[in-house]
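Below: one structure, written as structure tokens.
In the working numbering, the protein residues as written are -11 to 121.
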């Protein structure tokens, strides 16, 4: 990410403890036989949060991130209690910003993350789910 000019993460985040918590809470989804990608999915009330989407460098630019997000959208749209899906990214992460807007996520706010101000501004995107099921 750093080589691509994306300032969202550094060597201290996400760290081993963050990943272990994702596993412990059964929120880490793994894709591919060789752990080609992973993403953290959590739910609070009627909202699903997508965090820490990572694709192995050997699988980038081949549609895997799009596949993962579409997979999440499809699964979460079938959950009757979920009304929205949120994902946040740093303003420097142009590829994910383009991807989520192409999947009809709507930018809803910009903010600085407490304790991570050195990473700059983040954007939160929302994918509204129709309750007409």
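Virtual Cβ for every residue (Gly too), placed ideally from N, Cα, C.
On a predicted model such as this, the values are computed, not experimentally measured, just so you know.
Query	Result
In angstroms, rounded to a whole number, what distance separates the CA positions of residue 114 and residue 88?	9 Å
CA-CA distance, residue 94 and residue 22?	32 Å
By how many angstroms is the C-alpha of residue 3 removed from the C-alpha of residue 104?	14 Å
Taking the C-alpha atoms as reference points, what is the distance between residue 72 and residue 30?	12 Å
When we look at the beta-carbon of residue 5 and count the other beta-carbons within 10 Å, is it buried (16 or more) or exposed?	exposed
To which residues of the same chain is residue 34 closer than 8 Å at the C-beta, ignoring the five residues directly before and after it?	69, 70, 71, 72
Need the endpoints of the alpha helix (DSSP H) that residue 62 sits in, please.	52 to 65
Could you tell me the distance, in whole angstroms, from the CA atom of residue 85 to the CA atom of residue 17?	21 Å
What is the residue span of the beta strand (DSSP E) that residue 30 lies within?	25 to 32
With DSSP collapsed to three states, give me the class of residue 69.	coil
Label residue 82 either buried or exposed according to how many other C-beta atoms from any shown protein chain fall within 10 Å of its C-beta, with 16 as the threshold for buried.	exposed
Cα-Cα, which of 91, 78, 90 is closest to residue 98?	78
Please determine, among 11, 36, 40, 56, the residue with the shortest C-alpha to C-alpha distance to residue 19.	56
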